[in-house]
Amino acid sequence: GENVEQHPSTLSVQEGDSAVIKCTYSDSASNYFPWYKQELGKRPQLIIDIRSNVGEKKDQRIAVTLNKTAKHFSLHITETQPEDSAVYFCARGSNYKLTFGKGTLLTVNP
Amino acid sequence: DSGVTQTPKHLITATGQRVTLRCSPRSGDLSVYWYQQSLDQGLQFLIQYYNGEERAKGNILERFSAQQFPDLHSELNLSSLELGDSALYFCASSTSGGAWETQYFGPGTRLLVL
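Protein sequence lines, in the order shown, are assigned to chains A and B.
The working numbering numbers the first residue of the first sequence as 131 and each following residue consecutively.
The working numbering numbers the first residue of the second sequence as 56 and each following residue consecutively.
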């Protein structure tokens, strides 16, 4: 199918801890996997993405891993800060469009 | 700022009415996407245009239509509005519309149907 399953739907961590969000998909044609951060009332902003020829990508405190065989990919945020609090969406790209997960509300407690 | 602009920011209208949402892509981008975001459905892809031509269609209702003009701006027309159409409508753009390309989102139009 086309859906992307995203877990958990809510995640609460203490400042400085790590946060991990996981997504699974079933369409083998998917080859692009972006992650977006959306603050309340604002537009989704791309924070990191990965393409199918790469297994892992890192950008400072943010990393994404991709397992194409198992059809899942994950977002890892280390040393979380209160400003990381937002809704995070995973997505997969195929057939000229992005299909989004339902989102994860991340709360970082000071 | 992503470089994608959308107008208006807010729109309040009544059931049965028709509205038009406007989007201007980033300079140089040829492809425009429309998404609907509601609390229960999340971010749903509606339709994509590339250089004036429709390229992909998602779960877009027949009451909704869109087009992309020669100057590459796009309009999303919503007609016979229902309460359930209340949502945030985002436009995004990318260079050439491939599924592997980064999409940059505009600030959105918040539609409230009363």
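We put the beta carbon where it would ideally sit given N, CA and C, even for glycine.
Query raised in the report: Is the CB of residue 162/A under 8 Å away from at least one CB in chain B?
Result: For the purposes of this step, residue 162/A is identified with residue 32 of the first sequence, where counting begins at 1. Chain B, which has a Cβ nearer than 8 Å to the Cβ of residue 162/A, makes this yes.
Requested in this report: Would you check if there are 3 or more beta carbon pairs closer than 8 Å linking the region 183–201 of chain A to the region 131–138 of chain B?
Outcome: no
Report task. Below 9 Å between beta carbons is the criterion; list the residues of the region 136–167 of chain B that meet it against any residue of chain A, in chain order. Result -> 143, 145, 147, 152, 153, 154, 155, 156, 157, 158, 159, 160, 161, 162, 163 and 165
Query raised in the report: Cα separation between residue 136/A and residue 165/A?
Result: Here the question's residue 136/A lines up with position 6 in the first sequence. Here the question's residue 165/A lines up with position 35 in the first sequence. C-alpha separation (whole angstroms): 11 Å.
Query - alpha helix (DSSP H) segments (min. 4 residues) lying fully within the region 165–205 of chain A - result: none
Query raised in the report: To which residues does DSSP link residue 238/A through a beta bridge?
Result: Taking the first sequence and counting its residues from 1, the one referred to as residue 238/A is at position 108. BP columns for residue 238/A point to 143/A.
Query raised in the report: Taking the alpha carbon of residue 217/A as the point to measure from, which residue in 205/A, 227/A and 224/A has its own alpha carbon closest?
Result: Position 87 of the first sequence, counting from 1, holds the residue named residue 217/A. Nearest option by C-alpha distance: 205/A.
Query - Inter-residue spacing [alpha-carbon to alpha-carbon] between residue 85/B and residue 79/B - result: Working through the second sequence from its first residue, we reach residue 85/B at position 30. Working through the second sequence from its first residue, we reach residue 79/B at position 24. The alpha-carbon atoms of residue 85/B and residue 79/B are separated by roughly 10 Å.
Report task. Could you list the residues in the region 168–202 of chain A with a C-beta less than 9 Å from some C-beta on chain B, going in chain order? Result -> 168, 171, 172, 173, 174, 175, 176, 179, 181 and 182
Requested in this report: Starting from residue 128/B, follow the beta strand (DSSP E) in both directions and report where the run begins and ends.
Outcome: As a working note, residue 128/B is residue 73 in the second sequence. Careful: residue 128/B lies outside any beta strand (DSSP E) and carries neither H nor E.
Query raised in the report: the region 93–116 of chain B: which residues have C-beta closer than 7 Å to a C-beta of chain A, in chain order?
Result: 97, 98, 100, 103, 110, 111 and 113
Query raised in the report: Any Cβ of chain A within less than 8 Å of the Cβ of residue 57/B?
Result: Within the second sequence, the letter at position 2 stands for residue 57/B. Yes, residue 57/B counts as interfacial toward chain A.
Query raised in the report: Where do the N-terminal and C-terminal ends of the beta strand (DSSP E) with residue 224/A fall, by residue?
Result: As a position in the first sequence, residue 224/A is number 94, starting the count at 1. That run of the beta strand (DSSP E) goes 216–224.
Requested in this report: Using only alpha-carbon positions, find the residue among 139/A, 188/A and 158/A that is nearest to residue 132/A.
Outcome: As a first step, residue 132/A is located in the first sequence; it is residue number 2 there, counting from the start. When only C-alpha atoms are compared, the closest one is 158/A.
**Report entry** For residue 181/A and residue 161/A, the rounded distance between their alpha carbons
**Finding:** Your numbering for residue 161/A matches position 31 in the first sequence. Your numbering for residue 181/A matches position 51 in the first sequence. Using only the alpha carbons, I get a separation of about 6 Å.
Report task. Identify the contact partners of residue 234/A in chain E, using a Cβ-Cβ distance below 8 Å as the criterion. Result -> Absence of chain E from the displayed structure is noted, the protein chains being A and B.
Query raised in the report: By how many angstroms is the C-alpha of residue 89/B removed from the C-alpha of residue 163/A?
Result: On the first sequence, residue 163/A is found 33 positions in, with the first residue counted as 1. On the second sequence, residue 89/B is found 34 positions in, with the first residue counted as 1. Cα-Cα distance, rounded: 19 Å.
Query raised in the report: Since residue 225/A meets chain B, which of its residues come closer than 8 Å, beta carbon to beta carbon?
Result: Position 95 of the first sequence holds residue 225/A. Result: 111 and 154.
Query raised in the report: Rounded to whole angstroms, how far is the Cβ of residue 74/B from the Cβ of residue 136/B, which I believe are closer than 8 Å?
Result: Translated into positions along the second sequence, residue 74/B becomes position 19. Translated into positions along the second sequence, residue 136/B becomes position 81. The Cβ separation is near 7 Å, so the contact holds.
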